[in-house]
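Enquirer: This is the structure I have questions about; it appears just below.
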Amino acid sequence: MRTTLDITPEVHDTVRRLAQRLDVSMSRLLGQLVERGLQAQGDEALPSTRSGRFQVIAAEDGQPKVSQGRIQKVIDEEGIL
Numbered sequence: 093m094r095t096t097l098d099i100t101p102e103v104h105d106t107v108r109r110l111a112q113r114l115d116v117s118m119s120r121l122l123g124q125l126v127e128r129g130l131q132a133q134g135d136e137a138l139p140s141t142r143s144g145r146f147q148v149i150a151a152e153d154g155q156p157k158v159s160q161g162r163i164q165k166v167i168d169e170e171g172i173l
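Here is the structure:
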């Protein structure tokens with residue numbers, strides 16, 4: 093089914109890069125992401141808090157935490173901010 097989405101340029105660029113990396117169309121990738129998001133609504137949500145402009149989600153028990161250095165590396169590599 094075709095539809096029109098109103099997304100920010102940043103979201104568009106991120107989805108475009110990810111679609112290229114995964115070798116799928118943006119349309120297919122967006123459909124998959126929406127499906128995952130809807131499925132996650134049925135899952136038990138992890139506790140979260142707000143820190144400045146970011147939503148902080150608690151890690152599940154036993155899962156490693158992501159260091160600030162790792163986050164900065166991904167931001168730099170992906171050009172997110």
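Read left to right, the sequence shown gives residues 93 to 173 (this note's numbering).
Just so you know, even glycine gets a beta-carbon here, dropped at the ideal spot from N, CA and C.
Treat the numbers as computed from the prediction; the structure is a model and nothing was measured.
1. With a cut-off of 8 Å on the beta carbons, I'd call L110 and L121 a contact; round off their distance for me.
2. Alpha carbon to alpha carbon, what distance is there between D105 and G161?
3. Quick check on DSSP: helix, strand or coil for I167?
4. Leaving aside the five residues before and after L114 along the sequence, list all residues of the same chain whose C-beta is less than 7 Å from its C-beta, in chain order.
5. Could you give the distance in angstroms between the alpha-carbon of M93 and the alpha-carbon of P101?
6. For M93, is the beta carbon positioned less than 7 Å from some heavy atom of the ligand GDP?
7. Thinking C-beta only, is S140 closer than 8 Å to Q147?
Expert: From the atom records:
1. 6 Å
2. 24 Å
3. helix
4. L121
5. 23 Å
6. As presented, the structure is devoid of all ligands, the ligand GDP included, so that no description of it is given.
7. yes
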